[in-house]
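Visitor: Questions regarding the structure given below will be posed in turn.
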Amino acid sequence: MTAPFDSSAPVPRPGGIAARALGKAAPPDYLARLNPEQRLAVETTEGPVLVLAGAGTGKTRVLTTRIAHLLATQKAFPSQILAVTFTNKAAREMRHRIGELIGPSVEGMNWLGTFHAIGVKILRRHAELVGLRSDFTILDTDDQIRLMKQVIQAEGIDEKRWPARQLANLIDSWKNRGLSPKDVPPGDGGSFADGRGIKLYQAYQDRLKMLNACDFGDLLLENLRLFREHPDVLKDYHQRFHYMLVDEYQDTNVAQYLWLRLLAQGRKNICCVGDDDQSIYGWRGAEVDNILRFEKDFPGAVVIKLERNYRSTSHILGAASHLITHNEGRLGKTLFTDAVDPDAARVRVASSWDSEEEARAVGEEIEALQRQGHKLNDMAILVRASFQMRSFEDRFVTLGLNYRVIGGPRFYERQEIRDALAYFRVVVQPSDDLAFERIVNVPKRGIGDTTVRLLYDHARARQIPIIQAADELVHTEEIKPKTRGALRELLASFELWRSKLAAMKHGELAEMILEESGYTEMWQQDRSADAPGRLENLKELIRSMEEFESLPGFLEHIALVTDTDRAENQDAVSIMTLHSAKGLEFETVFLPGWEEGLFPHQRALDESGRAGLEEERRLAYVGITRAKQRAMIWFSSNRRIHGLWQSNVPSRFLDELPEKHVEVIEQTSSYGGYNVGGVGNYGASRFDRADSFSNTYSTPGWQRAQANKGSAQAHARSAPRQIEGELVAKSSGTNSKYALGERVFHQKFGYGAIIEIEGNKLTVDFEKTGAKKVVDSFVSKG
DNA sequence: AAGGGGCACATTTTT
DNA sequence: TGTGCCCCTT
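Numbers 1 to 782, taken from the UniProt record's numbering, label the letters of the first sequence in order.
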């Protein structure tokens with residue numbers, strides 16, 4: 001049986017743009033604000049439409065206006081529009097911007113959300129058809145891995161040789177491709193655990209069903225199963241969704257593509273917006289092919305290109321456009337701008353000796369811009385890999401320059417948050433075994449592995465949740481009295497907390513749970529440096545949950561959300577990876593680390609060959625097109641990777657930049673490590689050969705790279721004296737990188753000031769424990 | 001159950 | 001080089 005649809009039948013609003021749109025004479029003002037291509041994309045409402053929206057061409061504006069237009073012309077009610085994004089942030093922004101156009105009736109858009117959020121919503125309504133109950137829990141990666149560990153153990157497979165994480169990746173990749181265990185081609189699983197991969201996949205799925213749980217991949221996969229096995233259900237959704245819109249289509253994986261295609265079979269009004277040149281998530285299952293194939297997949301599709309860019313100067317666009325033409329697998333767009341600015345800066349390319357010098361140079365540029373009145377908020381440093389961030393952070397700390405790191409560990413993935421959530425989950429959902437296992441001995445209550453194993457075995461034998469098994473065993477003699485007492489106490493606490501669920505305000509209940517369980521105390525007792533921060537995070541968690549209706553409501557939200565947007569008001573330079581920069585823009589963008597091996601990354605080349613290289617190149621394209629006014633690229637001759645120094649060759653991407661839009665900063669006369677190729681080099685940069693990239697050693701590219709390496713080092717030797725001097729001072733001075741009086745941090749003793757230095761031994765006056773002699777490698781700059 | 005030593009590992013990340 | 005994880009010891 002199909003669960004009832006929500007009954008929010010929308011009522012057309014008499015006032016808003018709907019009424020205004022009825023006047024035929026002049027186009028409504030929301031259309032007048034569009035350029036001709038954008039307008040075409042908005043007004044082509046029927047049938048499949050692919051909007052190829054280059055960077056900065058008004059993609060979101062088209063999407064939101066299109067929705068406003070559908071509503072204004074009364075082609076659909078808000079609840080009849082399916083609008084899918086990848087991230088919560090994108091969904092939020094879209095909702096906000098539609099709201100600005102159509103007013104409060106945006107609230108009726110029940111089907112605007114991420115693939116996963118919409119997948120869950122559909123799945124909850126029909127859970128029983130795919131063997132779940134509608135209150136199924138959603139496991140995150142952490143739970144997923146722990147569960148896989150159990151499955152691997154249960155199969156008697158050596159965990160060392162076949163780590164759970166690897167199985168998780170394998171299963172994820174199957175799920176990304178829309179494959180259930182029975183669909184996986186037998187040869188495909190051979191790689192894992194001597195061909196038992198598929199069996200483990202099946203076992204894992206069985207365990208999930210037993211736990212009444214889904215992982216992220218299932219949210220879509222089970223939707224597919226639902227639609228395929230129950231055509232009547234699919235038909236309901238065909239009826240419901242009059243128009244479908246998809247954001248960032250180039251990022252869809254096969255499962256998402258199949259999902260969209262099933263739904264689009266109904267009314268065929270699907271509008272996908274994306275940019276093949278910005279597809280940078282191939283490594284996690286995205287198929288650029290989806291967007292390249294669109295016209296074949298959706299017969300009669302209209303393709304509209306948006307190439308008029310409103311973001312960047314012509315130099316920036318010229319550089320990025322030329323770079324990306326080196327890719328073969330693309331639909332082909334060329335960004336242009338009408339803005340004429342004769343003073344616009346070219347894209348600058350500079351080199352440095354090592355990552356420290358690179359950071360120093362970027363720091364100087366930033367300070368110079370700051371002196372000219374530019375805001376730090378308008379500047380960003382975009383790196384390929386997060387280890388690169390460190391040298392910038394170090395430098396900026398020294399300079400006292402405000403910065404913020406975007407990305408990094410997420411709030412909801414922190415240990416203390418996940419522990420707290422596990423408590424709440426058990427209260428709300430006693431059958432959540434994974435949550436129970438997580439906190440049964442956190443804080444330590446003397447309920448160790450042996451006991452948990454006992455509970456687990458009993459639960460499996462009786463086919464009941466672990467907590468129920470605990471409840472039964474607590475009345476027997478099977479568990480040692482001491483442990484039994486602790487367990488009984490814990491069970492009683494859960495009983496108590498659960499009984500307060502209805503009566504108490506959930507924020508207060510949550511606080512009570514963390515107090516009474518001893519969890520808060522555990523961190524209060526903890527002497528380590530990050531304990532106060534964790535307590536702070538727990539407070540933040542309670543604060544944020546108070547915005548929600550109820551504890552279950554909050555948990556549902558949390559399961560699909562990984563970020564909290566904390567609005568930072570301070571002026572600061574952003575440091576982030578190129579990946580997390582997609583969709584953002586800055587006046588000035590710094591792009592350090594353009595070196596072979598790092599960017600393009602060696603692993604991308606090794607693992608994915610040409611496709612990998614093209615994805616790296618798209619990443620470069622994304623990086624450059626983030627800049628509105630200024631883009632500055634750096635390349636470092638030397639870099640420390642995994643502890644050892646490596647000398648580098650400039651990235652081939654530098655060769656692929658067009659001369660006329662680039663300014664090379666020659667820091668020394670001898671430097672000739674690379675040339676900016678431009679027209680003469682077009683389509684044939686030195687590495688750009690169709691033969692295998694994994695075998696660079698024998699290619700002319702590699703030989704040329706070797707030659708370049710020499711000149712890069714020559715450059716280093718004749719680097720500006722000032723810099724050389726600093727380096728010398730650094731390596732030949734005192735053995736310690738610390739100075740007298742400097743504030744340092746020690747894992748065990750906390751903060752203190754240095755009162756004496758002898759070689760690598762420091763005497764530090766610690767704030768808590770007084771003076772101690774420590775080896776400098778045990779302290780860090782405080 | 002806590003702490004230390006040995007060891008493998010070392011892009012990118014959302015849901 | 002540094003980290004995080006696992007196992008071993010106490």
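Idealized CB from N, CA, C, for every residue including glycine.
Going by C-alpha distance, which of S493, E328 and F136 is nearest A510?
Guide: Numbered from its first residue, the first sequence carries residue 510 at position 510. Considering only alpha carbons, the answer is S493.
Visitor: May I ask you to list the residues that DSSP assigns as paired with H458?
Guide: Here residue 458 refers to the residue found at position 458 when the first sequence is read from its first residue. H458 is not bridged to any residue.
Visitor: Rank S352, H126 and F336 by C-alpha distance to the C-alpha of R308 and give the top, closest one.
Guide: Here residue 308 refers to the residue found at position 308 when the first sequence is read from its first residue. It is F336 whose Cα lies nearest to the Cα of R308.
Visitor: Starting from the N-terminal side, write out each stretch of the beta strand (DSSP E) that is 3 residues or longer and does not extend beyond the stretch 517-592.
Guide: With a minimum length of 3 residues, the continuous beta strand (DSSP E) runs that stay inside the stretch 517-592 are 573-577 and 586-591.
Visitor: Quick check on this structure: which residue in R534, W283 and I324 has the alpha carbon closest to the alpha carbon of R410?
Guide: Mapped onto the first sequence, residue 410 falls at position 410. Out of R534, W283 and I324, R534 has the C-alpha closest to the C-alpha of R410.
Visitor: So what's E595 in DSSP terms, helix, strand or just coil?
Guide: What you label residue 595 is simply residue 595 of the first sequence in a count that begins at 1. Residue state, collapsed to three classes: strand.
Visitor: If I measure Cβ to Cβ from S41 and keep anything under 6 angstroms in the same chain, skipping five residues before and after, which residues do I get?
Guide: To locate residue 41, count along the first sequence from 1; it is residue 41. Here the sequence assigns Ala to residue 41, which means Ser is not the residue at that position. Result list for A41: V51, V62 and I304, in chain order.
Visitor: Considering only the alpha carbon of each residue, which of L167, D140 and D142 lies closest to Q153?
Guide: Within the first sequence, residue 153 is the residue found at index 153, counting from 1. Comparing Cα-Cα distances from Q153 to each of L167, D140 and D142, the minimum goes to L167.
Visitor: Is the distance from the Cβ of residue 830 to the Cβ of V347 below 8 angstroms?
Guide: The displayed coordinates of the chain run from 1 to 782. Any statement about residue 830 would go beyond what the structure contains.
Visitor: Considering only residues of the same chain and omitting the five flanking positions on each side of Q38, which have a CB-CB separation below 6 angstroms?
Guide: Residue mapping note: residue 38 aligns to position 38 of the first sequence, counting from 1. So the list reads G58 and V62, once near-sequence residues are dropped.
Visitor: Applying the 10 Å Cβ sphere with the 16-neighbour rule, what's the burial state of R165?
Guide: Taking the first residue of the first sequence as 1, we reach residue 165 at position 165. Exposed is the call here.
Visitor: Output yes or no for whether 8 angstroms exceeds the beta carbon distance between P600 and Q388.
Guide: Translated into the one-based positions of the first sequence, residue 600 becomes position 600. Translated into the one-based positions of the first sequence, residue 388 becomes position 388. Contact flag unset, no.
Visitor: Which whole-angstrom value is the C-beta distance of L123 and A213, which I expect to be below 8 angstroms?
Guide: By one-based count along the first sequence, residue 123 stands at place 123. By one-based count along the first sequence, residue 213 stands at place 213. Not a contact, Cβ separation roughly 12 angstroms.
Visitor: Buried or exposed: where does E546 fall if 16 or more other Cβ atoms within 10 Å of its Cβ makes it buried?
Guide: For this step, residue 546 is matched to residue 546 along the first sequence. The residue is exposed, with fewer than 16 neighbouring Cβ atoms inside 10 Å.
Visitor: Hey, could you find the ends of the alpha helix (DSSP H) W497 is sitting in?
Guide: Counting from 1 along the first sequence, the entry for residue 497 is found at position 497. Segment P481 to S499, the alpha helix (DSSP H) holding W497.
Visitor: Which residue from Y751, E107, S651 and E43 puts its Cα closest to that of C271?
Guide: Locating residue 271 in the first sequence gives position 271, counting from the first residue. The candidate whose alpha carbon is nearest that of C271 is E43.
Visitor: If you count every other CB in all the chains shown that lies within 10 Å of the CB of S698, and 16 or more means buried, which is it?
Guide: Locating residue 698 in the first sequence gives position 698, counting from the first residue. Since pLDDT at S698 reaches only 29, below the 50 mark, its modelled position is unreliable, and the value read off the structure follows with that caveat. Exposed, because fewer than 16 other Cβ atoms sit within 10 Å of the Cβ of S698.
Visitor: Take the Cβ of I665 as the centre, count every other Cβ of all protein chains shown within 10 Å, and call the residue buried at 16 or more, exposed below.
Guide: Counting from 1 along the first sequence, the entry for residue 665 is found at position 665. So I665 counts as exposed.
Visitor: Would you call the CB atoms of N537 and E596 closer than 8 angstroms?
Guide: Within the first sequence, the letter at position 537 stands for residue 537. Within the first sequence, the letter at position 596 stands for residue 596. Result no, Cβ atoms of N537 and E596 do not sit closer than 8 angstroms.
Visitor: By alpha-carbon positions, which one of A420, P658, T451 and Y204 ends up nearest to L551?
Guide: For the purposes of this step, residue 551 is taken as the residue at position 551 of the first sequence. Of A420, P658, T451 and Y204, the residue nearest in Cα terms is A420.
Visitor: Measuring alpha carbon to alpha carbon, tell me which of R418, R414, I417 and V383 ends up nearest P405.
Guide: As a working note, residue 405 is residue 405 in the first sequence. The sequence as given places Val at residue 405; Pro does not occur at that position. Ranking R418, R414, I417 and V383 by Cα distance to V405 puts V383 first.
Visitor: Please give the ranges of any beta strand (DSSP E) in the stretch 38-93, keeping only runs that are unbroken, at least 3 residues long and fully inside the region.
Guide: Counting only runs of 3 or more, we get 49-53 and 81-85.
Visitor: Check whether the stretch 77-88 and the stretch 230-248 touch, using three or more Cβ-Cβ pairs below 8 angstroms as the test.
Guide: Contact between the stretch 77-88 and the stretch 230-248 is present, because at least three Cβ pairs lie under 8 angstroms.
Visitor: Report yes or no: do three or more beta-carbon pairs, one from the stretch 87-98 and one from the stretch 107-124, lie closer than 8 angstroms?
Guide: The answer is yes - the stretch 107-124 touches the stretch 87-98, with three or more Cβ pairs under 8 angstroms.
Visitor: Please state whether DSSP places E615 in a helix, a strand or coil.
Guide: Your numbering for residue 615 matches position 615 in the first sequence. In this structure, E615 counts as helix in the three-state DSSP scheme.
Visitor: Thinking E416 and W523 are a contact (beta carbons under 8 angstroms), I'd like their distance in whole angstroms, please.
Guide: Position 416 of the first sequence, counted from the first residue, corresponds to residue 416. Position 523 of the first sequence, counted from the first residue, corresponds to residue 523. Rounded, the Cβ-Cβ distance is 7 angstroms, consistent with contact.
Visitor: Can you check whether the CB of G266 is closer than 8 angstroms to the CB of I291?
Guide: Position 291 of the first sequence holds residue 291. Position 266 of the first sequence holds residue 266. No, Cβ-Cβ distance for I291 and G266 is not below 8 angstroms.
Visitor: Please classify K781 as buried or exposed, where buried requires at least 16 neighbouring CB atoms within 10 angstroms.
Guide: For the purposes of this step, residue 781 is taken as the residue at position 781 of the first sequence. So K781 ends up on the exposed side.
Visitor: In chain order, what residues of the same chain have a beta carbon less than 8 angstroms from the beta carbon of residue 826, not counting five sequence neighbours either side?
Guide: Because the chain in this structure spans residues 1 to 782, residue 826 falls outside the shown range and cannot be described.
Visitor: What are the uninterrupted segments assigned as beta strand (DSSP E) that are 3 or more residues long and contained completely in the stretch 322-385, given in chain order?
Guide: Correct list: 347-352 and 379-383.
Visitor: With a Cβ-Cβ cutoff of 8 angstroms, do D218 and K175 count as a contact?
Guide: On the first sequence, position 218 is the one that residue 218 refers to. On the first sequence, position 175 is the one that residue 175 refers to. Taking 8 angstroms as the Cβ cut-off, D218 and K175 qualify as a contacting pair.
Visitor: Taking DSSP as the reference, what is the three-state secondary structure of M632?
Guide: Your numbering for residue 632 matches position 632 in the first sequence. Strand.
Visitor: Sort A320, G99 and D232 by Cα distance to A55 and report the nearest one.
Guide: Sequence index remark: in the first sequence, residue 55 carries index 55 (1-based). Closest by alpha carbon: A320.
Visitor: Taking its Cβ as the centre, do 16 or more other Cβ atoms sit within 10 Å of S191, making it buried, or is it exposed?
Guide: For the purposes of this step, residue 191 is taken as residue 191 along the first sequence, with counting starting at 1. Exposed is the call here.
Visitor: Between which two residues does the beta strand (DSSP E) carrying D215 extend?
Guide: The count along the first sequence starts at 1 and reaches residue 215 at position 215. Note, D215: beta strand (DSSP E), A213 to D215.
Visitor: Quick one: residues in its chain with C-beta nearer than 7 angstroms to the C-beta of residue 790, no 5 flanking neighbours on either side, listed in chain order?
Guide: Here the chain has residues from 1 to 782 only, and residue 790 is not among them.
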